[in-house]
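Accompanying notes for the structure given below.
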Amino acid sequence: QNVLVWFRQDLRVADHGPLHSACQFVKAQAENAGMPSERPAKVYGVFTSTPSQWVSHDIAPIQLDFIERHLNMLATSLAALGIEFKVLHLDWFEELPSALSQLCQQLDIACVFAHSEPEINEIHRDQKVSRTLAEQGIGFELFEGHTLLPPDTVLNQSGKMFRVFTPFSRAWRSQLMNRPAVPLAVPEPVGPRLDVTEPISLDCEKRSSQLWRAGEGEARRLLDEFVHHNLAEYKACRDIPSVDGTSSLSPYLAIGVLSPTQCLAAAMTRFPGALIDDSGEHAGAFTWVTELCWRDFYRHLLVAFPNLSKARNFNELADGIHWRNNAEEFALWCQGKTGYPIVDAAMTQLNQTGWMHNRLRMIVASFLTKHLLIDWRWGERYFRRQLIDGDLAANNGGWQWSAGTGCDAQPYFRIFNPLSQSEKFDPEGKFIRKFLPQLASVPSRKLHTADIVGADLFACELNYSAPIVDHKAARLRALDALSAMKRAP
Ligand code: FAD
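Under this note's numbering, residue 539 is the last one in the sequence shown; the count climbs by one each step, no gaps.
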């Protein structure tokens, strides 16, 4: 009997537990086979396309294009291993149990192997698939691999998920110290090389992702380059949006072209102290590993608190906030027309490239939820529909952190000033000018001054609008509205 590997957000052949085990499984069968004439067992791969489900999950057309490009590359990599790759074109998750069990019967599959996923619809999907396959006597085995440590394994002394990041990160680091990150190699071929004939095309809305190079090899190359050339300076450079100070690996991590274990292993090979030493030459790597820890933290939270997948406030006190939800102001924010150059340049970066620097994500999220008092869910959804690295756990975590409604969030009374943020992180306005070329001739200091941004830019007849809110007034309004978050005495 054969084995099926179900690829989801893990479009790679290296460090892929389910693929590795499937190949081991058929090899063991071949070794144990009594009769040399017996047909050797095969490994198949499958991807399930569910466009209506994706639309309901707000997956960005640019991410779907990126996925499509990687599916074609994955088909080629699998063919080289002697593995036939199929795509099941469906529409919704609910069609999956019967479609997969039919496929399994056609291919004479004994067991389906896949990585588990933390989102609630995906968990329910897998439970239903597992039950249906079991009725047919087909196994369904889930593997961990989307995080460095599996959800439900980094717990506090009461055996519960941490609600605060710092103690989580301490426990996470100490567990990882005893469990070195060793990525699995690409499996040996399990059959003769196959031909790939049909290109794979997903039947859904897509937007070109060509700004991003595709492929596992490319992702590896980017990782190695980053580790060798930028990681040492990561701590100093990661907040400056005009320099390539961060890895830009999030698009690859989000769809699993690269695994977090590969990232940690690469960092540790160059900086062996990356898990414990936050000083000297290891400081950059230590800080970067902390970002990988945030990634794990948010995914663990999603499993521990399934309501997060349902767009609920983590902190129930936030249910009492009266959001203004002004649709016109929201449209201006989306279009990058707030009159605050750092916010507008950041939103232009998102709209043009499908990606935004982390510092800017925090600034624009704070601006939307605090200066404009618009519900974080509006911004979260807009991000998700644009981002090439869209990821429910990180996006929800980042938005709730910024809005002050989340787990271990920024307190409601801390409100980013977009002008001092741009002065601090883009002092010469390099980033602002790159994405707002109409401001090219405005002197740097003026870019960070509200009055000038309002009056002078108009006077200069630049194609740029006055601020849609006054910072000081908006701050006071936000403090008042968000005081719903004050803890009861
Ligand atoms: P690096 O700085 O090189 O970090 C390495 C990797 O660690 C990233 O690729 C990413 O996988 C992970 N990571 C880094 N920072 C965080 C973080 N704060 N939380 C969780 N994981 C992190 N990240 C996403 O991958 N998808 C999202 O949809 C997403 N939405 C966000 C929304 C908001 C409002 C905020 C504030 C942050 C969001 N982030 C999201 C986190 C972060 O902004 C991006 O992961 C980061 O900008 C990606 O750039 P990089 O690959 O160069 O990161």
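Idealized CB from N, CA, C, for every residue including glycine. Owing to the predicted nature of the structure, the values given are computational and were not obtained by experimental measurement.
Report the rounded CA-to-CA distance for residue i versus residue j, giving the unit in angstroms.
i, j, result
"R223", "L314", "12 Å"
"E238", "R525", "60 Å"
"E172", "S166", "8 Å"
"T247", "P291", "42 Å"
"A221", "P230", "15 Å"
"V137", "I250", "8 Å"
"S148", "S180", "11 Å"
"L124", "L114", "15 Å"
"A333", "R409", "19 Å"
"L146", "P101", "13 Å"
"C343", "G440", "18 Å"
"S208", "N365", "20 Å"
"L61", "R431", "24 Å"
"V393", "A324", "33 Å"
"F135", "L150", "14 Å"
"S359", "I170", "6 Å"
"R242", "I438", "In the sequence on display, residue 242 carries Pro and not Arg. Distance between the alpha carbons of P242 and I438: 35 Å."
"Q548", "K474", "What is shown of the chain runs 51 to 539, which leaves residue 548 out entirely."
"Q399", "R320", "32 Å"
"D553", "P217", "The question about residue 553 has no answer here: the residues shown for the chain are numbered 51 through 539."
"S258", "E118", "11 Å"
"Q436", "G448", "15 Å"
"P233", "A64", "8 Å"
"N52", "A91", "5 Å"
"P539", "L367", "Its pLDDT being 45, under 50, P539 is placed unreliably in this model, and the value from its coordinates should be taken loosely. Their backbone Cα atoms lie some 13 Å apart in a straight line."
"A523", "L532", "14 Å"
"Q260", "A83", "47 Å"
"S329", "L192", "39 Å"
"T203", "F190", "22 Å"
"A164", "F97", "11 Å"
"A184", "Y94", "19 Å"
"I112", "R434", "10 Å"
"Q471", "I188", "56 Å"
"D253", "N467", "43 Å"
"A264", "G306", "12 Å"
"S99", "L469", "44 Å"
"N357", "L489", "43 Å"
Would you kindly report the start and end of the unbroken beta strand (DSSP E) that includes residue i?
i, result
"T98", "93–99"
"F163", "159–165"
"L192", "189–193"
"W373", "No beta strand (DSSP E) contains W373, which DSSP labels as neither H nor E."
"F485", "Per DSSP, F485 belongs to no beta strand (DSSP E); it is in the alpha helix (DSSP H), 480–485."
"L54", "52–57"
Looking at the unbroken alpha helix (DSSP H) that takes in residue i, where does it start and where does it end?
i, result
"G267", "266–279"
"E145", "Taken as a continuous stretch (DSSP letters only), E145 belongs to no alpha helix (DSSP H), as it is neither H nor E."
"W451", "442–453"
"F222", "For the record, residue 222 in the displayed sequence is Trp; it is not Phe. Note, W222: alpha helix (DSSP H), 215–227."
"L114", "111–130"
"I170", "170–185"
"H70", "67–82"
"S300", "300–304"
"K496", "494–497"
"C457", "It is not in any alpha helix (DSSP H) - C457 carries neither H nor E in the DSSP assignment."
"W22", "Examination of residue 22 is not possible in this model, given that the chain is present from 51 through 539 alone."
"Q471", "468–475"
"H521", "521–532"
"K256", "First-last for K256: undefined, no H or E at that position."
"K285", "284–287"
Say yes only if the C-beta of residue i is nearer than 7 Å to one or more non-hydrogen atoms of the ligand COA, and no if none qualify.
i, result
"H407", "The ligand COA is absent from the structure shown, which contains only the ligand FAD."
Whole runs of the alpha helix (DSSP H) within the stretch 377–420, excluding any shorter than 4 residues
You should have 377–385, 391–403, 408–416.
At least 3 beta-carbon pairs within less than 8 Å: the stretch 441–458 vs the stretch 116–134
No: fewer than three Cβ pairs fall under 8 Å.
Just checking, does the stretch 195–205 make contact with the stretch 273–281 on the three C-beta pairs under 8 Å criterion?
Between the stretch 195–205 and the stretch 273–281 there are fewer than three C-beta pairs closer than 8 Å, too few to call the two in contact.
Validate contact between the stretch 416–428 and the stretch 514–528 using beta carbons, cut 8 Å, 3 pairs:
Touching, yes.
Is it true that the stretch 491–499 meets the stretch 470–478, where meeting means three or more beta-carbon pairs spaced less than 8 Å apart?
Taking 8 Å as the limit for Cβ pairs, the verdict is that the stretch 470–478 does touch the stretch 491–499.
For the stretch 313–373, list the beta strand (DSSP E) runs that are entirely contained and at least 3 residues long, ordered along the chain.
Complete beta strand (DSSP E) runs here, min 3: none at all.
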